[in-house]
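Chemist: Count along the sequence shown from 1, add 131, and you get the number used in this note's numbering.
Ideal Cβ placement from N, Cα and C applies to all residues, glycine included.
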Amino acid sequence: MRASKTNAKCKMQNAKFNEEHISGAEGIYRESEITEKSREYINRALSHPRGMPDRVIITLDKVKEKPIKVPILPVNTLKCSSPDKAKEIIIQKLGSLGVSKKAIDNGLKILEAKKTMRGAALMLMESGRRKEPDRERGVRVSRLGIEKSVEKKLSRRLALKGINTITVKEALILASKVASCPDIVAEVCISDDPDYTTGYIASKGLGYLRIPNGFLNK
Ligand code: PML
Ligand code: MG
132 MRASKTNAKC KMQNAKFNEE HISGAEGIYR ESEITEKSRE YINRALSHPR
182 GMPDRVIITL DKVKEKPIKV PILPVNTLKC SSPDKAKEII IQKLGSLGVS
232 KKAIDNGLKI LEAKKTMRGA ALMLMESGRR KEPDRERGVR VSRLGIEKSV
282 EKKLSRRLAL KGINTITVKE ALILASKVAS CPDIVAEVCI SDDPDYTTGY
332 IASKGLGYLR IPNGFLNK
């Protein structure tokens, strides 16, 4: 599901630039679940804190290949009381993974920018150079989901920590797929939802580290 709205300020510009991303979600489901899941996604698109979209696109693709299974990252919530502390944590953790100062600075600039990206920036860990073909769009992680039985177990585990929400589950599934890619060193994420101030840093070695109170509303 992709929900967007036309940004009035950009009405005169190229069509490529005048769509503001509102929300997006996807999963891998059985045929019997399609109607129910589509309804859920449409309801989500129409009740998002970023506002009412004027376009909602539901795309269904038949999965023709056997999905690759990857492990779910272990979850931990760090102690963090402010955006400054969050920045410190990100700098320390990325540094410990060998990411250069230049790349960390460039990454923080993107995280702190007023304009939210539609996807993710893809950055080289030494030079800090960005590699996405379209910087406005970024890259999107797609074709991902979780098996029903695994989701049940995960829900129970997250419930014990008081964090069994769709937001956490979807972010964790995505981060686990990203971390499983051999060339990915780390992923840092902040929410584009104005009222959600928990972000995360994730990697194969670090696991999924949640950073609460870290991000000011944009
Ligand atoms: C999002 O808005 O989808 C990103 C949420 C990232 C943090 C999820 C968490 O609380 O662990
Ligand atoms: Mg969002």
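Mind checking Glu-318: buried by the 16 CB within 10 Å criterion, or exposed?
Modeler: By the neighbour-count rule (16 or more Cβ atoms within 10 Å), Glu-318 is buried.
Chemist: Quick test of the definition: if touching needs 3 or more C-beta pairs under 8 Å, does the stretch 299-315 touch the stretch 188-208?
Modeler: Cβ pair count under 8 Å is three or more, so yes.
Chemist: Count the other CB atoms, across all protein chains shown, that sit within 10 Å of the CB of Pro-180; report buried if there are 16 or more and exposed otherwise.
Modeler: It is exposed - the Cβ of Pro-180 has fewer than 16 other Cβ atoms within 10 Å.
Chemist: Could you check what DSSP says for Tyr-331 in three-state terms: helix, strand or coil?
Modeler: Residue state, collapsed to three classes: strand.
Chemist: Between which two residues does the alpha helix (DSSP H) containing Gly-135 stretch?
Modeler: At residue 135 the sequence reads Ser, which differs from the Gly that was named. Where Ser-135 is concerned, there is no enclosing alpha helix (DSSP H), although the beta strand (DSSP E) it sits in stretches over 133-137.
Chemist: How would you call Met-183, buried or exposed, if buried means at least 16 neighbouring beta carbons within 10 angstroms?
Modeler: Burial call: exposed.
Chemist: Assuming Ile-153 is part of the beta strand (DSSP E), what are its boundary residues?
Modeler: Here the beta strand (DSSP E) through Ile-153 covers 150-155.
Chemist: Return the CA-CA distance between Asn-149 and Leu-285, expressed in angstroms with no decimal places.
Modeler: Each residue's Cα considered, the two are about 38 Å apart.
Chemist: Among the candidates Thr-298, Ile-277, Arg-133 and Asp-314, whose CA atom is the shortest distance from the CA of Ile-108?
Modeler: There is no way to answer for residue 108, as the model of the chain reaches only from 132 to 349.
Chemist: Suppose contacts are defined by Cβ-Cβ distances below 8 Å. Is Ala-133 in contact with Gly-155 by that definition?
Modeler: Residue identity check: residue 133 is Arg in the sequence provided, not Ala. Going by C-beta atoms, Arg-133 is nearer than 8 Å to Gly-155.
Chemist: Could you spell out the range, first to last residue, of the beta strand (DSSP E) harbouring Lys-339?
Modeler: Per the sequence presented here, residue 339 reads as Tyr, with Lys not at that position. Run containing Tyr-339: 338-342, per the beta strand (DSSP E) assignment.
Chemist: Can you list, in chain order, the residues of its chain with a C-beta nearer than 6 Å to that of Lys-335? Leave out the 5 residues immediately preceding and following it.
Modeler: Within the same chain, Lys-335 has close Cβ partners Ala-310.
Chemist: Examine the ligand PML and report whether any of its heavy atoms sits within less than 7 Å of the Cβ of Ser-178.
Modeler: No, the beta carbon of Ser-178 sits no closer than 7 Å to any heavy atom of the ligand PML.
Chemist: Please report how far the alpha carbon of Ser-322 lies from the alpha carbon of Gly-238, in whole angstroms.
Modeler: Rounded to the nearest angstrom, the two C-alpha atoms are 15 Å apart.
Chemist: Can you tell me whether DSSP reads Lys-142 as helix, strand or coil?
Modeler: For Lys-142, the pLDDT reaches just 48, beneath the cut-off of 50, and the residue's location in the model is therefore unreliable, although a value from the coordinates is still provided. Three-state result, Lys-142: coil.
Chemist: So, do the stretch 210-228 and the stretch 167-175 have three or more beta carbon pairs nearer to each other than 8 Å?
Modeler: As far as the Cβ criterion goes, the stretch 210-228 does not touch the stretch 167-175, which means the pair count is below three.
Chemist: Alpha carbon to alpha carbon, how far is Lys-136 from Asp-185?
Modeler: The alpha-carbon atoms of Lys-136 and Asp-185 are separated by roughly 5 Å.
Chemist: Mapping DSSP to helix, strand and coil, what is Thr-298?
Modeler: Thr-298 falls in the helix class under three-state DSSP.
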